[in-house]
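Q: The opening residue of the sequence shown carries number 1 in full-length UniProt numbering; numbering runs sequentially from there. Even for Gly, the Cβ is constructed at its ideal location relative to N, Cα and C.
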Amino acid sequence: MILIQTKGKPTPAPLPPPYALLLCFGTKSNPSATLPKNISEILTQSPTNGLASNVSSSVLPLYAGGLSFIFAGIRSRKFPEEMWEGDFSVKAGSDDDKRVVAFLKQMKDKHGSNSVCYISFGSLFFPIFRPELIRYILKTLQGTGVPFVFAYAYGIVPVPNEVIEEFAGLEDACFVKFAPQWAVLKHQATGFFLTHCGSNSTHETIMAKVPIVSMPFAANQGEIASLLTDVLHVGIDLKQTKTFIKPPFNKLYDGTVVEGTKSAIKDEMRTVWQRMKGKEGEEMCKGPKYQMRVRMGEVKERLRESFNNGRGKQDMIKLGECRL
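(1) So within the segment 221-259, which uninterrupted beta strand (DSSP E) runs reach at least 3 residues, ignoring any that extend past its ends?
(2) If you follow the beta strand (DSSP E) that residue 118 is in, where does it begin and where does it stop?
(3) What is the DSSP secondary structure of residue 128, reduced to helix, strand or coil?
(4) Per DSSP, residue 149 is paired with what?
(5) Could you give the residue range of the beta strand (DSSP E) that holds residue 406?
(6) If you draw a straight line from the alpha carbon of residue 135 to that of residue 146, how long is it in whole angstroms?
(7) Report, in whole angstroms, the separation of the C-beta atoms of residue 299 and residue 206, which I expect to be a contact under 8 Å.
(8) Which residue comes first and which comes last in the alpha helix (DSSP H) that contains residue 210?
(9) My guess is that residue 190 and residue 104 are in contact by the Cβ rule of under 8 Å, so how many angstroms apart are they, rounded?
(10) Please classify residue 304: does DSSP put it in a helix, a strand, or coil?
(11) Mind checking whether residue 235 and residue 258 have CB atoms under 8 Å apart?
(12) Out of 179, 242 and 302, which one is the CA nearest neighbour of residue 149?
(13) Tell me whether residue 123 sits in a helix, a strand or coil according to DSSP, three-state version.
(14) Count Cβ pairs between the segment 192-211 and the segment 120-127 that sit closer than 8 Å; are there 3 or more?
(15) Please report how far the alpha carbon of residue 144 lies from the alpha carbon of residue 304, in whole angstroms.
(16) Which residue wins for smallest C-alpha separation from residue 137, given the options 264, 307 and 311?
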């Protein structure tokens, strides 16, 4: 979010420390839930006269309506036309880009369409207190026969070299610091996206109509993950990876008890990978991955309609007419 002042100078929103919830995410209230009130106070106590947000009224009507009531207008996000039309040709710029695209082609030829897991937690988030989670992810993907692309350019700490070295020699694995994310998501080989549910990644996976497996870390990522998995049903949330400082608070809203042990985490991952992988042959179209992909396409169409004819269109026009 960006607060826009009357003087024309953007002012950052009052967010909590960026890494404060990496260890205990899930035990405390999501700080994002308090942002509207906090930002509202800032708005009333400063010359700020606008708020830019990526919330879509077509997907979250109640939340967007509440923000609209407080801030008098939601400003919609716009994507390149090819992302809306779905006719984007896969492009590769750097040598790493070309290597990733070549790997995806190889996996499509070997395993078929929608067979690859794309893994990225952005360039900021990483399980710094539980790096073994990365090994569990890669090991269980390997064990269930799911090829993967792992983009690991993290700004907090680097992925341990021994992890990369342990799996880098696999024929069905591709490691790269920066992946051409849109090209990966749009590739026919890509089946699902293991993501932290950051805002950009969420919007891009919707545009590409790729189902997700969520592993949120902090800020509003848990909220976005819940929206995608519990409300829109276009993905599955990993629950056993959630970390709790105080064990009495390890029961989730749906009754799931987070054991958090190596066995519980790996068992859940294997189950989720199998669900996302779907059944082979003619039965695949009846599997959950196919259904999630269809539903993701429906979400994209709702956003497209909003952008072309609905609230999103109106708000983009208003944003263009804004006078600072």
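A: The short version:
(1) 235-237
(2) 116-120
(3) coil
(4) 118 and 174
(5) Examination of residue 406 is not possible in this model, given that the chain is present from 1 through 324 alone.
(6) 15 Å
(7) 6 Å
(8) Neither: residue 210 is in no alpha helix (DSSP H) and is coded neither H nor E.
(9) 7 Å
(10) helix
(11) no
(12) 179
(13) strand
(14) yes
(15) 36 Å
(16) 264
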